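Note sheet for the following structure.
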């Protein structure tokens, strides 16, 4: 069913209209038969046809209204909107342009033209139309929603956040805008606000599986794994076919060390979506944890075939190759991961370890220093850099690094042993 949004020009007097759909059709048809030149009746019946999904009849009536009254802006607007629903963008644009030319205050025409322009890729022109629609009708909540979505496409998340918030102020029952705003808060790391928005979306529409999926991510980031699992279970119960829900739940099971359940979920996710590189990488990691290196390698290879620029798959494959004794292959994978993501701390740390084991201490020092730059609270990076500093003869720097590692992890036995060793070496150092 196609339902036209408000034009912004006010509504007709519903009290004077017949109540049932059949009565309205009959009354309009009677009016048209009695007054064949009544363009308004033609347009109104065309809109009713559109609402019922009878699009050919709707187009015929709207075109007849325009033929009877070539200056009828509302008729051009309605037909343009209908063409847009049919994804006939050129005809939609032509009609909406004419509607605006005839009536520059027709809010709905600007709004609808913006959506046509978005589909044609003319994003800046679409933004101008949405701005004008909001200028003409500042309480039009749906225009704020669409401008917010467009702002995201244009790389302006703050404007999107402001627009979704205004849309919700105007229409607090719009659960989809809570989900959209919640996703923005999630991307910005504002977990409490994201949680509040997803929870409100679920309160408004308790069967929205996507809201449960999104809230599960917040719970997972907050460390509330059981609550995350509960939300993902509900999402899968509501819609048993979203691959992402199985993939996300599998990732949670992986974190909990429940590898068999994780494997079952990743298998189901890949059955539903066999083109997801992230899921192949996650399943490969489970195989790696289970010691099945061949299956792990096959999954990482498939992930990279599907998405050659996916850095985590290179790092995971490097770990398999290290376990298999292929140091050169592992180094090549780590180099590629770092080329793709120069700030990838895990890849830098593993490459630093490889360099240290190969006695390439300068490279190791550089890599561990980069890890610390991007991940300043990672104690193992200070420990390993400290050990390299000691091997290079700089015991002062070595002691400073190992002491920092100890401050970050005071109960780590390996760090405590290293600290005692460096202190002893420093004590024995000739003065």
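In the numbering used here, the protein residues as written are 2 to 432. Beta carbons are placed, not taken as given, at the ideal position from N, Cα and C, and that holds for glycine. No experiment lies behind these values; they were computed from the predicted model shown.
Just list the alpha helix (DSSP H) runs in the stretch 267-340, keeping only unbroken ones of 4 residues or longer that don't cross its boundaries, in chain order. 278-290, 294-307, 312-324
Given this structure, state the Cα-to-Cα distance separating residue 81 from residue 119, to the nearest angstrom. The residue given as residue 81 occupies position 80 in the chain shown. The residue given as residue 119 occupies position 118 in the chain shown. Going from the Cα of residue 81 to the Cα of residue 119 covers about 15 Å.
Below 8 Å, how does it come out for the stretch 166-176 and the stretch 190-197: are there three or more Cβ pairs, yes or no? Result no; under three Cβ-Cβ pairs closer than 8 Å.
Using C-beta distances below 6 Å, list every residue in its chain close to residue 239, excluding the 5 sequence neighbours before and after it, in chain order. In the chain shown, counting from the first residue as 1, residue 239 sits at position 238. So the qualifying residues of the chain are 208, 210.
What's the C-alpha gap between residue 293 and residue 336? For the purposes of this step, residue 293 is taken as the residue at position 292 of the chain shown. For the purposes of this step, residue 336 is taken as the residue at position 335 of the chain shown. Roughly 25 Å separates the two Cα atoms.
Can you give me the C-alpha to C-alpha distance between residue 84 and residue 147, rounded to a whole angstrom? Along the chain shown, read from residue 1 onward, the residue named residue 84 stands at position 83. Along the chain shown, read from residue 1 onward, the residue named residue 147 stands at position 146. Spanning the two alpha carbons is a distance of roughly 19 Å.
Just to confirm the assignment, what range does the alpha helix (DSSP H) spanning residue 164 have? To locate residue 164, count along the chain shown from 1; it is residue 163. Where residue 164 is concerned, the enclosing alpha helix (DSSP H) stretches over 158-171.
Cβ pair count under 8 Å reaching 3, the stretch 372-379 against the stretch 356-363: no
Nonlocal neighbours in the same chain, by C-beta distance under 7 Å from residue 222, ignoring five residues either side: As a working note, residue 222 is residue 221 in the chain shown. 192.
Given that a residue counts as buried once 16 or more other Cβ atoms are within 10 Å of its Cβ, and exposed if not, what is residue 385? Locating residue 385 in the chain shown gives position 384, where the first residue counts as 1. The residue in question, residue 385, is buried, as its Cβ has 16 or more Cβ neighbours within 10 Å.
Contacts around residue 247, its chain only, beta-carbon distance under 8 Å, and the 5 residues preceding and following it disregarded: Within the chain shown, the letter at position 246 stands for residue 247. Once the five neighbours on either side are set aside, the close Cβ partners of residue 247 are 237, 266, 267, 269, 270, 273.
Taking the alpha helix (DSSP H) that residue 219 belongs to, which residues open and close that run? The residue given as residue 219 occupies position 218 in the chain shown. Counting along the chain, the alpha helix (DSSP H) containing residue 219 begins and ends at 210-222.
Between the C-alpha atoms of residue 375 and residue 75, what's the straight-line distance to the nearest angstrom? Within the chain shown, residue 375 is the residue found at index 374, counting from 1. Within the chain shown, residue 75 is the residue found at index 74, counting from 1. Spanning the two alpha carbons is a distance of roughly 58 Å.
What are the boundary residues of the alpha helix (DSSP H) that includes residue 63? Here residue 63 corresponds to residue number 62 of the chain shown, with the count starting at 1. Element bounds for residue 63: 56-69.
DSSP state of residue 138, grouped into three classes? Taking the chain shown and counting its residues from 1, the one referred to as residue 138 is at position 137. The answer is coil: DSSP assigns residue 138 none of H, G, I, E or B.
Out of 88, 91, 114, 87, point me to the one whose CA is closest to residue 100's CA. If you number the chain shown from 1, residue 100 lands on position 99. Comparing alpha carbon positions, the residue from 88, 91, 114, 87 closest to residue 100 is 114.
Report the rounded CA-to-CA distance for residue 93 versus residue 31, giving the unit in angstroms. Position 92 of the chain shown, counted from the start, is the residue given in the question as residue 93. Position 30 of the chain shown, counted from the start, is the residue given in the question as residue 31. Distance between the alpha carbons of residue 93 and residue 31 is about 30 Å.
Once DSSP output is grouped into helix, strand and coil, what is the label at residue 225? Working through the chain shown from its first residue, we reach residue 225 at position 224. If DSSP states are grouped into helix, strand and coil, residue 225 belongs with coil.
Report the rounded CA-to-CA distance for residue 90 versus residue 117, giving the unit in angstroms. By 1-based counting over the chain shown, the position of residue 90 is 89. By 1-based counting over the chain shown, the position of residue 117 is 116. Cα to Cα, residue 90 sits roughly 6 Å from residue 117.
Secondary structure of residue 36, DSSP reduced to three states: Counted from its first residue, the chain shown places residue 36 at position 35. Coil at residue 36, not helix or strand.
Going by other Cβ atoms of all chains shown within 10 Å of its Cβ, with 16 needed for buried, is residue 22 buried or exposed? Here residue 22 is taken as the residue at index 21 of the chain shown, counted from 1. The residue is exposed, with fewer than 16 neighbouring Cβ atoms inside 10 Å.
Determine the DSSP secondary structure at residue 50, reduced to helix, strand or coil. Residue mapping note: residue 50 aligns to position 49 of the chain shown, counting from 1. Helix at residue 50.
Excluding the 5 residues flanking residue 331 on each side, which residues of the same chain have their C-beta closer than 6 Å to its C-beta? In the chain shown, counting from the first residue as 1, residue 331 sits at position 330. For residue 331, where only same-chain residues beyond five positions count, the Cβ hits under 6 Å are 319, 322, 323.
Just the C-alpha distance for residue 233 and residue 256, rounded to the nearest angstrom, thanks. To locate residue 233, count along the chain shown from 1; it is residue 232. To locate residue 256, count along the chain shown from 1; it is residue 255. Each residue's alpha carbon lies about 15 Å from the other.
Check whether the Cβ atoms of residue 406 and residue 413 sit closer than 9 Å, and answer yes or no. Within the chain shown, the letter at position 405 stands for residue 406. Within the chain shown, the letter at position 412 stands for residue 413. For residue 406 and residue 413, yes; Cβs fall inside 9 Å.
Boundaries of the alpha helix (DSSP H) in which residue 410 is found, first to last residue: As a first step, residue 410 is located in the chain shown; it is residue number 409 there, counting from the start. Segment: none, residue 410 is in no alpha helix (DSSP H) and carries neither H nor E.
Whole angstroms is fine: what's the gap from residue 369's alpha carbon to residue 205's? Taking the first residue of the chain shown as 1, we reach residue 369 at position 368. Taking the first residue of the chain shown as 1, we reach residue 205 at position 204. Those two C-alpha atoms are separated by around 49 Å.
When we look at the beta-carbon of residue 2 and count the other beta-carbons within 10 Å, is it buried (16 or more) or exposed? For this step, residue 2 is matched to residue 1 along the chain shown. Caution applies to residue 2, whose pLDDT of 43 falls short of 50 and renders its modelled position unreliable; the value that the coordinates give is listed next. Exposed, since its Cβ has fewer than 16 Cβ neighbours within 10 Å.
Pick out whichever of 165, 261, 44, 181 has its Cα sitting closest to the Cα of residue 199. Taking the chain shown and counting its residues from 1, the one referred to as residue 199 is at position 198. With distances taken between Cα atoms, residue 199 lies closest to 181.
Taking the alpha helix (DSSP H) that residue 432 belongs to, which residues open and close that run? On the chain shown, position 431 is the one that residue 432 refers to. For residue 432, there is no enclosing alpha helix (DSSP H), as DSSP marks it with neither H nor E.
Could you give the distance in angstroms between the alpha-carbon of residue 141 and the alpha-carbon of residue 132? For the purposes of this step, residue 141 is identified with residue 140 of the chain shown, where counting begins at 1. For the purposes of this step, residue 132 is identified with residue 131 of the chain shown, where counting begins at 1. Using only the alpha carbons, I get a separation of about 11 Å.
Going by DSSP in three states, residue 242 sits in which element: helix, strand or coil? For the purposes of this step, residue 242 is identified with residue 241 of the chain shown, where counting begins at 1. DSSP, read as helix, strand or coil, puts residue 242 in coil.
Contact belief for residue 338 with residue 315 at Cβ below 8 Å, rounded distance in angstroms: Sequence index remark: in the chain shown, residue 338 carries index 337 (1-based). Sequence index remark: in the chain shown, residue 315 carries index 314 (1-based). Contact holds; Cβ gap of about 4 Å.
Do you know how far the Cα of residue 282 is from the Cα of residue 312? The residue given as residue 312 occupies position 311 in the chain shown. The residue given as residue 282 occupies position 281 in the chain shown. Those two C-alpha atoms are separated by around 10 Å.
Identify the continuous alpha helix (DSSP H) that holds residue 193 and give its terminal residues. In the chain shown, the residue the question calls residue 193 occupies position 192. 192-205 is the span of the alpha helix (DSSP H), which, as asked, contains residue 193.
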